[in-house]
Every structure is written in C-alpha cells, then in structure tokens.
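> My questions will all concern the structure given below.
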Amino acid sequence: MKRNWSKKALSLLMAGTMMAGLAGCGSDAAQNDSSAAASTAQSSAAQSTDASTSDNPLRPDTLDTITVVLFGEESPRMQQLMEEKYQQVFVDEINTKVELMYLPWTENGAGGKVDLMIASGQEFDACIVDPTWAASSYSKGYLQDLSDVIDKYLPDWHENMDATAFDAYRYDGGVYAIPIGNKPTAGVYNTVCVRQDIMDAIGMDNIATLDDLTTYAEKAKEQYGLYATYELADAAYIIRGTSDRNLITVDKSNLWIDQDTKEFVSLVDSPEFEAAVKLYNNWYNEGLIPKDILTNTVTLPFQANMSSLMRGTCGTTLIENEPGLQTVVPEGKTAEYYISPEKPIYKNTYENTAFQVPVTSDKADRVAMFVNLLQKNTELANLFAYGVEGTDYELIDGKVSKINNDELFYEWMIYNVNISTPTTAYTDEFMEVYKNWDNGAKPSATFGFNIDYSNIKTEKAQIDSVWDELAKPMLAGLKDYDSNIDELRSALKAAGWDTYVAEIQKQYDEFLANK
Numbered sequence: 106m107k108r109n110w111s112k113k114a115l116s117l118l119m120a121g122t123m124m125a126g127l128a129g130c131g132s133d134a135a136q137n138d139s140s141a142a143a144s145t146a147q148s149s150a151a152q153s154t155d156a157s158t159s160d161n162p163l164r165p166d167t168l169d170t171i172t173v174v175l176f177g178e179e180s181p182r183m184q185q186l187m188e189e190k191y192q193q194v195f196v197d198e199i200n201t202k203v204e205l206m207y208l209p210w211t212e213n214g215a216g217g218k219v220d221l222m223i224a225s226g227q228e229f230d231a232c233i234v235d236p237t238w239a240a241s242s243y244s245k246g247y248l249q250d251l252s253d254v255i256d257k258y259l260p261d262w263h264e265n266m267d268a269t270a271f272d273a274y275r276y277d278g279g280v281y282a283i284p285i286g287n288k289p290t291a292g293v294y295n296t297v298c299v300r301q302d303i304m305d306a307i308g309m310d311n312i313a314t315l316d317d318l319t320t321y322a323e324k325a326k327e328q329y330g331l332y333a334t335y336e337l338a339d340a341a342y343i344i345r346g347t348s349d350r351n352l353i354t355v356d357k358s359n360l361w362i363d364q365d366t367k368e369f370v371s372l373v374d375s376p377e378f379e380a381a382v383k384l385y386n387n388w389y390n391e392g393l394i395p396k397d398i399l400t401n402t403v404t405l406p407f408q409a410n411m412s413s414l415m416r417g418t419c420g421t422t423l424i425e426n427e428p429g430l431q432t433v434v435p436e437g438k439t440a441e442y443y444i445s446p447e448k449p450i451y452k453n454t455y456e457n458t459a460f461q462v463p464v465t466s467d468k469a470d471r472v473a474m475f476v477n478l479l480q481k482n483t484e485l486a487n488l489f490a491y492g493v494e495g496t497d498y499e500l501i502d503g504k505v506s507k508i509n510n511d512e513l514f515y516e517w518m519i520y521n522v523n524i525s526t527p528t529t530a531y532t533d534e535f536m537e538v539y540k541n542w543d544n545g546a547k548p549s550a551t552f553g554f555n556i557d558y559s560n561i562k563t564e565k566a567q568i569d570s571v572w573d574e575l576a577k578p579m580l581a582g583l584k585d586y587d588s589n590i591d592e593l594r595s596a597l598k599a600a601g602w603d604t605y606v607a608e609i610q611k612q613y614d615e616f617l618a619n620k
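The working numbering numbers the first residue of the sequence shown as 106 and each following residue consecutively.
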C-alpha cells in the first residue's frame, strides 16, 4: 500500500521519471477498438462462457461478480479498461466480473470506512490491506481464514511469489490475507545512502565502518560544504555499526530485538545507543550536523543537495533519491552501502500490501482467482499495470515506455520482479542488482509480527512524547549522553515503559506460539 519506504520507492519505481512527450489514447482507431472490445466483453459476460478459450482448469462454469475496494480515484482510462479489455479478461480467464469501489485514501487503515462496512454487514469481497491493519481487523473478527483457497486457487501466484509473504498475515494457524507484489525488502533502512559522485571525487571506494562514514562526511563537508545528515541517529544503519549484535527495531523507536536471542532490547539502556549518541555528539561538535536539525523545514535535504548522506532503503536509491538530486545537481550519483557488511541481512517484512476478504463475503475463491490473475505472467502483469501495448505504452529494448499516464491497477502493487517489465528509466545493471537484492537475506525474528496498540494507547502516546522531547535531541547530537541519559530513562519509566513492553512481549509470545 501507499506507506513508508515501500509506498514511495515502489510507486516511484513504476511511476517516476515519466517521458516528457506523452501521446494521447483517443484516436478513432483506438476508439473503434475500444467499442469492439466493449461489445465482446458484454457478450462474454452475458453468456455462460462455455465457448471460452481459457486453458484455466480452475475456471468456474458459472458467471459471478465480485466487488473489490481500492483507494484514490478511478482514472478515465481505468474506467474505460474496466468496462472493456480488463472485464473481458476477467470473464474469459476466471468467469468473474469485477466491480471496483474506490474510497479516498483517508479511509485507508483500521477504523476507517472499510471497517465500518464490515461491521455493518455491507457487502464487498476484497480490499487491499497492510499487516498492521490486518492484525487489527483480525482481532475484531472482521477477516476470514483463506487457507483453503490459498492452497487451491493460487497456482501461478505460487510460481511467481514467495510463500513466506503469508507469514505477515498468519494468526492462530490461519492465513487472513493474500499478499500481492514481489519486491526487495531485505535490510530496509539498514544501508546508508551516499553521494557516489563525491565518493569518486574524494577517492573512496567503500564505506564499511562508522569510521569510514565519518571520513566521508568530513571530506564532503570540507570540499562540498554539505552537512552529514538531517536525520537522527536512530537510523538502523548507525545502530548496525555500533556493535556485533544483530538488532532490529520493533516499534520504530526505543524497542528493538536481538535477532539471535529473540530478546527485547530497550535501546536507551543499550551500549549501541550510547555509541550512536556519542558519534553524533562528535559530528555536531565538528560542525557536521546542522544546528537546525530539529527544526528544519526542507522535506528532502539530501535531494536538495544540503546533506551528503541519509538512510538507504532496499537498493532503490536510484528510484527514491537520484532523480530529485539530479534536478539540483545534474551530475549527482547515489549508492547504498552496508555498515558492517559482514553481518547478516534480515527481512523484517515481505510486502506491505495484500487483499483481505471480509467475513461478510462468500466469494473468497473468486477473490483468490482474481489475485492469481494479477500475478499470473508478464503479459497480464503489464496489461493491468500499464494498459494495452501500442495504446497505453510501447516496448523499447524490452522496457516499458508509457504513452498514457493515467493510473490503472496500482503499479507499486502489481510489480513483481519475477514477471513485471521495468520502465525505460532504469538500466539493466540496476535491475539486475534490484532483482537479486534479497538473495541470502534471513527472515527477522519479528517477520510477520505486528503490534496491536489497543491496550497500550496511553502508554504509547506518552512514550512517543518523551522520545520526541528527550531522545531526539540526543540522537541529533545536540545533547550529550552522560548528562541526559538518566533523565531519559526516568521519563520513559514514568510514561509506562514497563507496561508497554509487557503487553508487546505478551503479543510476541503468542505470535511465536502460533507460528
């Protein structure tokens, strides 16, 4: 879904860096083709389709309809394709008509209109969901177990996806959503993104330690006037370099987990936190950290050529950071490096997007066939993400060059490194690295675990407030470790830290017991 690094990076992968000269798709020939396609689709939908040429052995004999909830607005081209080409494919392949219901993105997530629809019994059959939302919906009894349909109706999905994707949606032995999309997620935020053009200019060929990173930051400031970063030291790439332990964040702030022992770690009580704060104190005292780091209003300082490094993602700096940087520095290049590259790399998540089926639907089999179709093969993945070849896009040297920019089925949702065709914006070399980014990565100890904060909402709000007020200035280098650590620890305890950790530990123990 449109969240975190994955929303931005993966939507930019498919939608970013569009060609300037975009042609329309409203020629007479195209309209005639559309009319013919519409006629064919309507004819197919009106029949029992025994005459279908589909070779799908799972295709039902009877025609049925499913309603799928998406977010945003239906583009004109999407509406046209849903009435014509797409509907024809759905009927031919799975004998199912698909009706889309669009809701505003503000309704995306737990507590929104979708939850109200389920609670009130309003009928729909599928909606995209993320692991956090799914965990909340499962706890309310809103979702149905899809284990049976997953085994039977996803043959192509199983060929093109990784079954570990289901782990993010497993509860009490059941599976409560069908993931879609297949993109790298290993080591997310565990790399540091730097300016490769500056690396080349100062004669550095690698960054493998925090000392290397400091050397790079010092030279970038001295020779180019760039601050080291506008981020805070809780970035995972900093913690990764502070010790031999393998720590992964659990709640994106103070609670981490040791991958080897599976024990929760309070970051502020750890030697890693002390080392990180002292590193940033030194950077701040050297003038490598901007004095306005906590009040900066520039959204993307790295892309604005204000800093020399930031946290990386999953090999996608070329997608996320480089296009924006090159509007300011045309010769700017980016690269990602792992601090302590000898340490294991973990996948903390598989994908953020899946299709839930509410308990109010009796068409889980049709939904599974629909999702399977979206991930079946290159031809269909390109059709649903890019449209009709020759009308909506053309292939140039085996890559997609868009003619039409209307959003169809979300490209970031459909994209699968095993079957999707990349756009012309990305080189073969980049795509090779991108496709293989997850090779050798291990599932993290919290892979598939999502915290339900319902019972600790008050504690979480208080802890977040303490973190912002006391921890962030330390992690920005403004406050030193020795003079401020006791106050931070006391404030966290007073905010309900023990209750907060006990509840998350309870949930995690249940998660492990049900794996």
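Even for Gly, the Cβ is constructed at its ideal location relative to N, Cα and C.
None of these values were measured; they are calculated from a predicted model.
So what's Thr154 in DSSP terms, helix, strand or just coil?
Residue placement at Thr154 is poorly supported in this model, since its pLDDT is 45, which falls under 50; the coordinates still yield a value, given next. The answer is coil: DSSP assigns Thr154 none of H, G, I, E or B.
> Pull up the CB-CB distance for Leu175 and Leu205, whole angstroms please, since I reckon it's below 8 Å.
6 Å
> Quickly, what does DSSP pair Asn521 with across the bridge? List them, please.
Asn287
> Looking at C-alpha atoms only, which residue of Asn401, Val293, Glu534 and Leu315 is the closest neighbour of Cys419?
Val293
> Just how far apart, CA to CA, sit Glu188 and His263?
Going from the Cα of Glu188 to the Cα of His263 covers about 29 Å.
> Please list, in chain order, all residues of the same chain as Thr201 whose beta carbon is under 8 Å from its beta carbon, the five residues on each side excluded.
Pro165, Leu168, Asp169, Thr170, Ile171, Phe195, Arg471, Met474 and Phe475
> Under a Cβ-count criterion, where at least 16 other Cβ atoms within 10 Å of its own Cβ denotes burial, should Asn541 be classed as buried or exposed?
Asn541 is exposed by the Cβ-count criterion.
> Less than 8 Å between C-beta atoms, sequence neighbours within five positions excluded: which residues of the same chain meet that for Thr529?
Met124, Ile501, Asp502, Lys504, Val505 and Ser506
> For Asp502, report the span of its beta strand (DSSP E) as first-last.
Run containing Asp502: none; DSSP gives neither H nor E here.
> Can you find the residues in the same chain that come closer than 8 Å, C-beta to C-beta, to Gly601, ignoring five residues on each side of it along the sequence?
Ile561, Thr563, Glu564, Gln567 and Ile568
> Could you have a look at Gln280 and say whether DSSP puts it in helix, strand or coil?
Checking the sequence shown, residue 280 turns out to be Val, not Gln. Correct three-state label for Val280: strand.
> At which residue ranges does the segment 401-450 contain complete beta strand (DSSP E) runs of 3 or more residues, listed in the order of the chain?
Counting whole runs of 3 or more residues, the segment 401-450 contains the beta strand (DSSP E) stretches 414-416 and 439-443.
> Between which two residues does the beta strand (DSSP E) harbouring Met206 extend?
Bounds of the beta strand (DSSP E) holding Met206 are Thr201 to Leu208.
> At 3 residues or longer, and completely inside the segment 338-367: list those beta strand (DSSP E) runs for me, N to C.
352-354 and 360-363
> When we look at the beta-carbon of Asp497 and count the other beta-carbons within 10 Å, is it buried (16 or more) or exposed?
buried
> Where are the beta strand (DSSP E) runs, 3 residues long or more, that stay fully inside the segment 256-336, in chain order?
You should have 296-300.
> Between Asp230, Asp374 and Phe460, which lies nearest to Ala596 when the distance is taken from Cα to Cα?
Asp374
> Output the boundary residues of the beta strand (DSSP E) element that contains Val173.
Asp169 to Phe176
> Consult DSSP for Pro162 and reduce its assignment to one of helix, strand or coil.
Looking at Pro162 - three-state DSSP - the assignment turns out to be coil, as it is neither helix nor strand.
> Taking Ser371 as part of the beta strand (DSSP E), name the residues at either end of that continuous run.
Note, Ser371: beta strand (DSSP E), Phe369 to Ser371.
> Buried or exposed for Asp365, please, with buried defined as at least 16 other CB atoms from any protein chain shown within 10 angstroms of its CB.
exposed
> Under a three-way DSSP split, which group does Pro578 fall into?
helix
> Taking the alpha-carbon of Asp160 as reference, which of Lys190, Val173 and Asp197 has the nearest alpha-carbon?
Asp197
> In chain order, what residues of the same chain lie with their CB nearer than 7 Å to the CB of Gly553, ignoring the 5 residues before and after it?
Contacts found: Asp272, Ala273 and Arg275.
> What does the alpha-carbon distance come out to for the pair Ala322 and Lys452?
28 Å
> Contact between the segment 392-409 and the segment 578-586: three or more CB pairs below 8 Å?
yes
> For Thr528, which of helix, strand or coil comes out of DSSP?
The answer is strand: DSSP assigns Thr528 an E or B state.
> Gln461 lies in the beta strand (DSSP E); which residues open and close that run?
Ala459 to Gln461
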